[in-house]
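Student:
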Amino acid sequence: MPRRLLNLVMLAAILVGGVLAWRSGAERIRLEGRYRRMAHAAGDLSVVNPTKVYFLGLDTDEPLHFAWRMHAPANYPMIFSHAGGGGSGSSTSSSGAPSDAIVRVRCRRDEAGRLQVFSKAFGGSSLFAVEDAMAKFLAGREDELIVERLAADGPVEMDASASAVLLRVAMPASMIAEARVALPGHVVDRHVPDVFKITVGPPQQP
0 MPRRLLNLVM LAAILVGGVL AWRSGAERIR LEGRYRRMAH AAGDLSVVNP
50 TKVYFLGLDT DEPLHFAWRM HAPANYPMIF SHAGGGGSGS STSSSGAPSD
100 AIVRVRCRRD EAGRLQVFSK AFGGSSLFAV EDAMAKFLAG REDELIVERL
150 AADGPVEMDA SASAVLLRVA MPASMIAEAR VALPGHVVDR HVPDVFKITV
200 GPPQQP
């Protein structure tokens, strides 16, 4: 093969290889960027002991919408217990194998203006409503409420036999005094000072 033709073939091979390498590098950068965005959204939760339960609070950028990344060990029966609304109640979610999930609690108003609290994890969900009188009292004032949520400042590890308050939405002192005057006694008993509180953990032995 003439030297000039050989040089052209080698140059073409180098160019093709360079294009492929550039595309591979660009694809790698794109995938790394996508992974970082997904990791930021889902949270970076390190599971040190797979027999423990882990929570990590996530940002939702929505008022009264809360989310956590959670790790549960095998056969972990998780009870969502709520206080508020029609008194108290609970729902159960479980996973047969060790697994991670996104736990969500969202407060929203329906078409009639009722304030509802929806929770979901591991395929199970629950819904309860805040008393109508309290929902009307809070209309337009939701941003005054005090919110305490588990693992808001970083990962939390807990024993599989333990329970914890996942979310507490409460009134500030100034609102408590006003509510005690403005609302019926049974509504005060159910919603003051805690508008509602959600506890998570396994069934507790009597």
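Under numbering that gives the first Met the number 0, the residue at position 40 of the sequence shown is numbered 39, and the numbers go up by one with no gaps. Beta carbons are placed, not taken as given, at the ideal position from N, Cα and C, and that holds for glycine. These numbers come from a predicted model, not from an experiment.
Please report the Cβ distance between valine 52 and alanine 71, rounded to the nearest whole angstrom; I am assuming they are in contact, meaning their Cβ atoms lie under 8 Å.
Tutor: Numbered from its first residue, the sequence shown carries residue 52 at position 53. Numbered from its first residue, the sequence shown carries residue 71 at position 72. Their Cβ separation, rounded to whole angstroms, is 6 Å, which keeps valine 52 and alanine 71 in contact under 8 Å.
Student: Using a Cβ-Cβ cut-off of 7 Å (strictly less than) and excluding sequence neighbours within five positions of phenylalanine 136, which residues of its own chain qualify?
Tutor: On the sequence shown, residue 136 is found 137 positions in, with the first residue counted as 1. Contacts found: Ala178, Ala181, Leu182.
Student: Which residue wins for smallest C-alpha separation from alanine 159, given the options Asp131, Pro97, His190, Asp109?
Tutor: Working through the sequence shown from its first residue, we reach residue 159 at position 160. Minimum Cα distance to alanine 159 is reached at Pro97.
Student: Just list the alpha helix (DSSP H) runs in the region 142-202, keeping only unbroken ones of 4 residues or longer that don't cross its boundaries, in chain order.
Tutor: Runs of the alpha helix (DSSP H) inside the region 142-202: 172-181, 184-190.
Student: Residues in its own chain within less than 7 Å of arginine 113 by CB, not counting five upstream and five downstream?
Tutor: As a first step, residue 113 is located in the sequence shown; it is residue number 114 there, counting from the start. Correct list, in chain order: Ala128, Asp131, Ala134.
Student: Tell me, please, which residues DSSP counts as bridged to serine 118.
Tutor: Residue numbering aside, residue 118 sits at position 119 when the sequence shown is read from its first letter. Per DSSP, Val104, Ser125.
Student: Check aspartate 131 in the structure and name its three-state DSSP category.
Tutor: Translated into positions along the sequence shown, residue 131 becomes position 132. Three-state result, aspartate 131: helix.
Student: Can you tell me whether proline 126 is buried or exposed, with buried defined as 16 or more other CB within 10 angstroms of its CB?
Tutor: By 1-based counting over the sequence shown, the position of residue 126 is 127. Contrary to the premise, residue 126 reads as leucine rather than proline in this sequence. When all chains shown are included, leucine 126 counts as exposed.
Student: Considering only the beta carbon of each residue, do leucine 55 and leucine 63 sit closer than 7 Å?
Tutor: One-based indexing of the sequence shown puts residue 55 at position 56. One-based indexing of the sequence shown puts residue 63 at position 64. Not closer than 7 Å, so no.
Student: Could you tell me the distance, in whole angstroms, from the CA atom of proline 202 to the CA atom of alanine 172?
Tutor: Position 203 of the sequence shown, counted from the start, is the residue given in the question as residue 202. Position 173 of the sequence shown, counted from the start, is the residue given in the question as residue 172. Rounded to the nearest angstrom, the two C-alpha atoms are 33 Å apart.
Student: With H, G and I counted as helix, E and B as strand and the rest as coil, what does DSSP make of leucine 55?
Tutor: Position 56 of the sequence shown holds residue 55. Three-state result, leucine 55: strand.
Student: Hey, how far is the Cα of glycine 95 from the Cα of alanine 120?
Tutor: As a first step, residue 95 must be located in the sequence shown, where it is residue number 96. As a first step, residue 120 must be located in the sequence shown, where it is residue number 121. So the alpha carbons of these two residues sit roughly 13 Å apart.
Student: Keeping to the same chain, check which residues put their C-beta closer than 7 Å to that of arginine 167; ignore five residues upstream and five downstream.
Tutor: Taking the first residue of the sequence shown as position 1, residue 167 is located at position 168. Here the set comprises Glu147, Asp193, Lys196.
Student: So, is serine 118 buried or exposed, given that buried needs 16 or more other C-beta atoms within 10 angstroms?
Tutor: Translated into the one-based positions of the sequence shown, residue 118 becomes position 119. So serine 118 counts as buried.
Student: Quick one: residues in its chain with C-beta nearer than 8 Å to the C-beta of alanine 138, no 5 flanking neighbours on either side, listed in chain order?
Tutor: As a position in the sequence shown, residue 138 is number 139, starting the count at 1. Excluding positions up to five away in sequence, the list reads Gly112.
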